[in-house]
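Colleague: Quick one: the structure is below, questions incoming.
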Amino acid sequence: MTPVARCLRKVDHASVVTDSTIVEQVGEALDELEAAYRRPSDKITALEEVLQAVSRRRTLETSPFGRFVYSSVERRQTSLARLRA
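At position 42 of the sequence shown (counting the first as 1) the number is 42 in the UniProt record's numbering, and the numbers step up by one without a gap.
Next up, the structure:
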């Protein structure tokens with residue numbers, strides 16, 4: 001299983017959780033995904049794959065969970081882009 005697929009599985013699992021551990025679970029999944037790649041550009045690409053997969057599965061604009069994942073991924077991509085510059 002690819003790192004992106006593992007991350008998506010964990011994010012999907014977190015999407016059905018109804019308590020405050022959602023933040024921790026999504027964070028851990030994204031941390032693990034980033035750890036699987038060395039270069040910031042590869043990490044950004046993997047995060048984008050996760051974002052695209054999540055957006056295909058649920059409407060990001062209307063789902064609180066989707067908006068949370070989107071903002072988490074976007075924040076990480078911005079940080080990584082600064083490292084590359």
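We put the beta carbon where it would ideally sit given N, CA and C, even for glycine.
Since the structure is predicted, the reported quantities are computational estimates derived from the model, not experimental observations.
Would you tell me roughly how many angstroms separate the C-alpha atoms of residue 86 and Ser20, rounded to the nearest one?
Modeller: Any question about residue 86 goes unanswered here, given that the chain covers just 1 to 85.
Colleague: Take every Cβ of the segment 31-39, pair it with every Cβ of the segment 60-69, and state whether three or more of those distances are shorter than 8 Å.
Modeller: In short, these stretches do not touch, since the Cβ pair count stays below three.
Colleague: Specify, as a first and last residue, the run of the alpha helix (DSSP H) that Tyr70 falls within.
Modeller: Looking at the DSSP string, the run of the alpha helix (DSSP H) that includes Tyr70 is Pro64 to Arg84.
Colleague: What residue does the alpha helix (DSSP H) around Ser55 start on, and which one ends it?
Modeller: Note, Ser55: alpha helix (DSSP H), Pro40 to Arg57.
Colleague: From what residue to what residue does the alpha helix (DSSP H) around Asp12 run?
Modeller: Asp12 -> alpha helix (DSSP H) spans Pro3 to Ser15.
Colleague: Can Val73 and Glu48 be called in contact, C-beta distance under 9 Å?
Modeller: Yes, the pair counts as a contact, with Cβ atoms nearer than the cut-off.
Colleague: Since I believe Ala14 is in contact with Val26 (beta carbons under 8 Å), could you give me their beta-carbon distance rounded to a whole number of angstroms?
Modeller: Correct: roughly 5 Å between the Cβ atoms.
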